[in-house]
Structures are given as C-alpha cells and as structure tokens.
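Participant: In the numbering used here, each residue carries its 1-based index in the sequence shown increased by 1299.
The beta-carbon is built from N, C-alpha and C at its ideal position, and this holds for glycine as well.
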Amino acid sequence: MQGSSINVASAPKTAMFQMRINPEIKREAEDVFSAYGLSLTDAFNIFLQQSLNSNGFPFLLSPENAEYMKSKAAAQLMAEIDKGWKSAEEGGWLTLEEVESQLGLTDV
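1. Let me know the secondary structure DSSP gives Leu1376 once reduced to three states.
2. Tell me which residues share the same chain as Val1407 and place their Cβ nearer than 6 Å to its Cβ, disregarding the 5 neighbours each side in the sequence.
3. Taking contact to mean at least 3 C-beta pairs separated by less than 8 Å, is the stretch 1341 to 1354 in contact with the stretch 1301 to 1315?
4. Less than 7 Å between the beta carbons of Leu1351 and Ser1386, yes or no?
5. Rounded to a whole number of angstroms, what is the C-alpha to C-alpha distance between Lys1382 and Val1398?
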C-alpha cells in the first residue's frame, strides 16, 4: 500500500482535534519539542505526516512495546477507577435524577 499524497504542512487546517493528556507529560513533551523549535501541535502534525508517508506508525512496534503499552494503559485505568471510588466515598455520588438534571434530560 502506498503512502498518502497529502502534505500536512500545506493542507488547509480546518478540523479541530482535542485530547486529554496528563499535564506533566504535556509539559515534558513541550520541553522536548521546544528544543527543536517546535510546538506540540507542530510535533503532532509531523507525526501525522510521517504516519501518512509510511502508511502506518512511523516507528517500530514490537510485541514487547505493545505489552508495555497495554500494562501502562491498564495501570492508568486502575488509577482512574481508584480515584473515582475515592471521590464517591467522599460523597461524590450523584443520583440518577441529579445526573439527568445536569444533562438536561429531565421530563418536562
């Protein structure tokens, strides 16, 4: 399969992409990329261009890397679940009615 002919640098940028990221990881990544005169957006656009050029990930993925990433994702998920339980134990529960009200789903 051949890579894309789209040039990320010159293509119109009209779509928005948002993601959640750990603030510390974001700061560290910004520091790494700023050493090259790049913003996080610039670096992400380079990643996308290289992905299009190679028609896949622009770096080697191995089973060891995949297992590491799975275990790291599972650990992060468990930490978020623990955080949620602690919040609930501290009185952070919402009733179904409260959730529906906050989401504007209450019957009129």
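Facilitator: Let me lay it out:
1. Leu1376 falls in the helix class under three-state DSSP.
2. Any reading at Val1407 must be qualified, since the residue scores a pLDDT of 48, below 50, and its modelled position is unreliable; the value itself is stated next. There are no such residues.
3. Yes: the two stretches touch, three or more of their Cβ pairs being nearer than 8 Å.
4. no
5. 19 Å
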